[in-house]
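Chains as they are written, first to last, in the working numbering: chain A, 59 to 769; chain B, 49 to 541.
For glycine and all other residues, C-beta sits at the position ideal for the given N, C-alpha and C.
Below you'll find the structure, written out as structure tokens, and then a few comments.
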Amino acid sequence: MRKDYNLEKRKFVIGGFIVVIVAIYLCKLFDLQILDDKYSEIAVNNARSTKITHPSRGQIYDRNGKLVVYNEPAYDLVVVPRDVQEFDTLGMCKILRLDRKDFETLWKNMSDPEKNKNYSATTPQPLVQNLDSTTYGHLQETLHRFPGFDIAQRIIRRYNYVSAANVLGNIREVNAEDIERDSDNYYLPGDYTGDMGVEKSYEKYLRGVKGKEIFVRDARGRIVRDEQGKIKYYNDGKDNVDPIAGKDLQLSLDIELQQYCEGLMRGAAQRGQIMHGKRGAIVAIEPKTGEVLALVTSPNYDPAMLVGKDRGKNYAKLVDDGTKPLYDRAIMAAYPPGSTFKPTQGLIFMQEGITNINTSYPCYRGYINKGLKIGCHGHGSPIALQPALATSCNGYFCWGLYYMLKNHKYENLDSAFTVWKNYMVQMGYGYKLNIDLPGESRGFIPNAKFYNDNIGEGKWGANTILSIAIGQGEIMATPLQIANLSATIANRGYYITPHVVKQIRDVGIPKEYTEKHQPSINREYYENVVTGMRMAVTGGTCKNANLPGLEVCGKTGTVQNPHGQDHSVFMGFAPKDDPKIAICVYVENAGFGAQVAVPLGSRIFERYLLGKSRNENDEIVSEDTVSNEIENGANKWSDKWLQERPSVFDKKEVPAQLNPDNTPKQESEKTAHHPSPSDPINGLPQNREQEQAILTQPIVDIFTRYGIYKG
Amino acid sequence: MASTRDNNDDSNRLLASVDWFTVLLYVVLVVYGAVSIYASTTAANASDVSMFDFDTYSGKQFVWIGLSFIIGFSLLLIDRRLYEAYAYPIYAVMIIILIATAFLSPNIKGSHSWLKFGAVSLQPAEFAKTTTALALAKLFSTYGFQLRGWRTYIVPVGIIFLPVLCIILENETGSALVYFSLIFVLYREGMNGFVLFALLCAISYFVIVLKFAGSLIMGIPLGTFIVLTCVMIVIVLMLLIYCRSLILGRNVALGYIACALIAWGLSAMGVHINGYAFFFTVIPLSLIYLLIGMFRDDLNKVLMTVIFAAVSIIYMFSVTLAFNHVLKPYQQNRINIALGIEEDIKGKGYNVNQSKIAIGSGGLTGKGFLEGTQTKLNYVPEQHTDFIFCTIGEEQGFLGTSAVLLLFLTLILRVIAIGERQHTTFGRVYAYCVASILIFHLTINIGMVIGVVPVIGIPLPFFSYGGSSLWGFTLLLFILLRIDAVRSEYGTW
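And the structure:
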């Protein structure tokens, strides 16, 4: 055969061709396998299916170790829309015992981003909540037939006491805003978070740390199981992380005292109900520690109302209720403190050298000076501090403030007033105390700028604003702030920020709740005030608080309410020399302090210190030993100021806490103003209009609720 | 002298002259294949199923392999002259079987290519490659047959296309395409290399035009721009190399460069120049110049150059036209995905994407035997058949994939070498048929798995699961070995 060498060379072309192809493929493979990392990641993500395991939420105990809030598991059917394949809808309906139509409605609601704000095709979306145990059992067995479906366990909070809803708070599903705001990236749609109360403020401790289980997922989205049907973990479970249970809380509350106090306000507890009754608040503090023993608001409700599937319905009910049971009057309501304010004035006057223990001022049925008369009731005159406290004399404190503001030791009126204001701030007024509960109000303490802006520079003087000396006028304080004053006096000059959590298990207590705050007022002046308050109990306005064998100190308050019956207030502590409890009782529209608040206060002392409890329905003895404290307590100007602001008062904004779930909250904290070192003097916030709207809202609520407000 | 030898002696000599290196490559490939099949079909939840369990694909593949060895050995024992003598009858019988299959076989995923024999099914198309190769070899070894003039192409092209038609009839387009690779054989046996070059240009232009159709340059699609530039370069290269006309080539090249510089300068000065205007001024001018200038030179070859350039341009535009108006959407899809224009991870591109993920996640050394997650969790469909290369990529990494590629490269080059050492045209043509078929399968299958070639469902020789495919390639290879084994009878060159 003839060999064609010319053609034989073509073997190089053909061989070269495949060599080039192989070379190109090797390059491509080198790129795919070695240079490009993304495929490894994708392969890992393909094969891994991560399931978040939720830790159990911390339980809540009272100060005596009684279990108050605990967990019960609940099961939801969830679905990852992306992973769902054609499935036996009828079978699913049968297991769920639903009509096909209902199921489709549920499905539609789940996948409608309008209705399900957290919708995402790649994360588990709740489809049916709170499965009953039979359905749960059936589903467990058949779940493998429904790729994309899963059962999510979550916890339901259970409450041992129909009590303390305002302190405990509750939990709810996170909304889009929560997730957006969450700097720890902890929350995923469907998670729960604390709402109100300690559930909210201690959320980070209560919720614990999530764990994860990583399964192997095959191409059809199924979780791979071994031959025995046991779930296989990715990487043999080495990448799994166990959840860490949330920390238990021990409240400083004495749950039984709390219940007792609640009972005093509104009768017996009722499961699943809003409990009406008196309106107002009780705060009890252990002075030495700042631990809150009871924090009562009334009306209130069963905390269990906000659990489970009736939550939405009940929430609406609570929001719609005219008495605002969700509104924690103990810390959110800013009331005029009335005569409970007087001790603060006595302290300031003595510290500033305006008065001493023996300084007496005239009071013939009131303070009468340059055409201004602030009325008072009959008592001896002139009068010194201690009897003035005992009889709740208006004249003494008005004269005191008058002489202070006129005193030449200060540069001018403004600086005199600033000195006064700074003492008030030191005593815990005008700013939030920063109790460990959300939504606290800061009350209101005016400063010179406030009067300059509202009345005009040079247009106001001591007489214009004098009613602030007796806790009327512009002054606003929360029952917590009043109770804190009581604790400060009991401690003879210091307080520890009131807090409702005694300790977080394994963590302890935040440092801010162990630090003493000491107003710059000498201890001896406090002793003087204590004596005055003791005198009030032994022979003054709060005789009803006198308990045999217990040295109770107290101060009544009857807050003049231009629009209705007076508010009845009592502030006190006991025993005098080793105070164990300091309280504030504030009852709206109940008349004289001595009539309602004092007897309630005395029962609380009795109960807590002596372990005795009188029946709530016992006749409240009201010996008419006390006459009207004030005839004309309010500043003329204040009335005008209050009335000239319809725009503020007419706003019937729902307080921040009252918004229903899943709607953006109007965060009162956003506008909060904390005292800062750079701004130690100005008691008022920068944004006055906005802040006043919030500050004054509580009174507005009270006034407008009864249609009394005539503005 | 041959007649005095006894049979035993004969066999010994035969065995001694078999190309054992190729046999070794074959054994390595098929065993590697079966092990890969085991790896690719072991589910993630299965524990310790034996590789040789008959219920598994790998177990069955080992049976096929065992039978293949018997077939291979038997083939070696058949007198090589029989293959040559019966090439045509065998070819004819196979054509009949193919046609019969098209009408008799059941519909399996749309194709009618399987014949059932009791428990086993066979795909005659896999064996038709061998018969066609034999027929082609027989044709070329016919005394006096030479590829000279277009008429001489009719019979060989006919021999190639007859099975193609039958297989298309069976709706197995992928298998039918294999026969186009036999163009390498025609080339080796004298076909003008220009055809191969034109084919290469056609494929490259096709890919470039479609792949770079998205972005614009000088007002025209980038793909068109590149192709037109290539056309210009090809004109110059053809003038220089093919026509051996240095003057024409130099002049045209300088002209192009001058025009390009002017255009670049103008556009730098802010004058907008349309790409079409530029190319359709410059290229026709150069062609006219060539038509005038060719009379001073080799007329035919310059004319050829001009025609080639013109046809290239027409072809380029018709590709765009055909792609947009003739191809069906799913065909466009496949091409788009293969060219990386479209990412269609959920739909048509799912296989390729998952297969790239599998291979890409293998890294240098792979995840280890039976540790491939993509593989075990069935993310890649057809993993034990057409996509078997994924498993190797994922579990053995770059080392595994390059080993396989190099094994195949060695085998193919070995087959070419065997072809070139044949004393007979029959042997050489047959060897080139084997090489071409292997080249095609390797190029298309691996190209498909790594996402550079459209998805065409053809197996990876020796690796992919399936008796027909394995037997088909065994037949192909061992007949070559048998033919090669007699070269000692002729002595060496």
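- Residue environment: B/Asn60 is assigned as exposed (fewer than 16 neighbouring CB atoms within 10 Å of its CB, all protein chains considered).
- Just so you know, the alpha carbons of A/Arg324 and A/Lys336 end up roughly 6 Å apart.
- Going by beta carbons, A/Ala655 and A/Tyr644 fall inside the 8 Å limit.
- For A/Pro577, the CB contacts under 6 Å within the same chain, skipping 5 residues up- and downstream, are Gln484, Met485 in chain order.
- At a cut-off of 8 Å between beta carbons, B/Ile498 contacts chain A.
- Leaving aside the five residues that flank B/Leu182 on each side, the residues in its chain whose CB is nearer than 7 Å to its CB run, in chain order, Tyr131, Ala135, Ile138, Tyr139, Tyr478.
- One thing to note: A/Gly206 has its Cβ no nearer than 8 Å to the Cβ of A/Pro113.
- For A/Gln91, at least one C-beta of chain B is nearer than 8 Å to its own C-beta.
- Partner residues in the beta bridge of A/Arg106, as assigned by DSSP, are A/Val274.
- CA-to-CA, the gap between B/Phe521 and B/Leu244 works out to about 26 Å.
- Taken through DSSP and simplified to helix, strand or coil, A/Ile426 comes out as strand.
- DSSP, read as helix, strand or coil, puts A/Cys611 in strand.
- Cβ neighbours of B/Lys177 within its own chain (closer than 7 Å, five residues either side excluded): Val226, Ile485, Gly520, Leu524.
- The way I'd put it, the region 450-470 of chain A doesn't touch the region 218-236 of chain A; fewer than three beta-carbon pairs between them come closer than 8 Å.
- In the DSSP secondary-structure assignment, A/Thr251 is bridged to A/Arg230.
- For A/Phe628, the enclosing beta strand (DSSP E) has its first and last residue at 625-632.
- Looking at the backbone, the Cα of A/Tyr244 and that of A/Ile237 are separated by about 8 Å.
- Per the Cβ contact rule, the region 114-128 of chain A is not in contact with the region 185-197 of chain A (fewer than 3 Cβ pairs under 8 Å).
- With the rule of 3 Cβ pairs closer than 8 Å, the region 320-339 of chain B counts as touching the region 258-278 of chain B.
- Spatial neighbours of A/Gln143 in its own chain (CB-CB distance under 8 Å, excluding positions within 5 residues in sequence) are listed in chain order as Pro205, Gly206, Arg278, Gly279.
- Within the region 503-537 of chain B, no residue places its CB atom closer than 9 Å to a CB of chain A.
- From the listed residues A/Pro637, A/Ile513, A/Asn298, the smallest Cα separation to A/Thr347 is found for A/Pro637.
- Within the region 442-474 of chain B, the residues whose Cβ lies closer than 7 Å to some Cβ of chain A are Gly445, Phe446, Thr449, Ser450, Leu453, Leu457, Ile460, Leu461, Ile464, Glu468, His471, Thr472, Thr473, listed in chain order.
- Pairing B/His320 with B/Ser366, the inter-Cα distance amounts to about 27 Å.
- Separation of the CB atoms of A/Ala632 and A/Glu609 is rounded to 6 Å, and the pair is thereby assigned contact status at 8 Å.
- Within chain A, no C-beta atom comes less than 8 Å from the C-beta of B/Thr190; the nearest is roughly 13 Å away.
- When rounded, the separation of the alpha-carbon atoms in B/Gly222 and B/Ala246 is 23 Å.
- Taking 8 Å as the upper bound for CB-CB distance, A/Asn542 and A/Ile343 are in contact here, some 7 Å apart.
- Looking at A/Val627, A/Arg216, A/Val354, A/Pro620, the one whose alpha-carbon comes closest to that of A/Ala132 is A/Arg216.
- By the Cβ neighbour-count rule, A/Arg121 is buried, with 16 or more other Cβ atoms within 10 Å of its own.
- The criterion of a C-beta distance shorter than 8 Å is satisfied by B/Gly297 and B/Val284.
- Contacts with chain B (Cβ-Cβ distance below 7 Å) from the region 80-104 of chain A involve Val80, Tyr83, Leu84, Lys86, Leu87, Phe88, Leu90, Gln91, Ile92, Asp94, Tyr97, Ser98, Ile100, Ala101, Asn104, listed in chain order.
- Around the beta carbon of A/Tyr219, 16 or more other beta carbons sit within 10 angstroms, so the residue counts as buried.
- The continuous stretches of beta strand (DSSP E) do not include B/Lys404, which lies in the alpha helix (DSSP H) extending over residues 398-408.
- Pairing A/Lys86 with B/Ile498 gives a Cβ-Cβ distance under 8 Å.
- Closest by C-alpha distance to A/Gly612, out of A/Phe502, A/Ser397, A/Gln623, A/Asn64, is A/Ser397.
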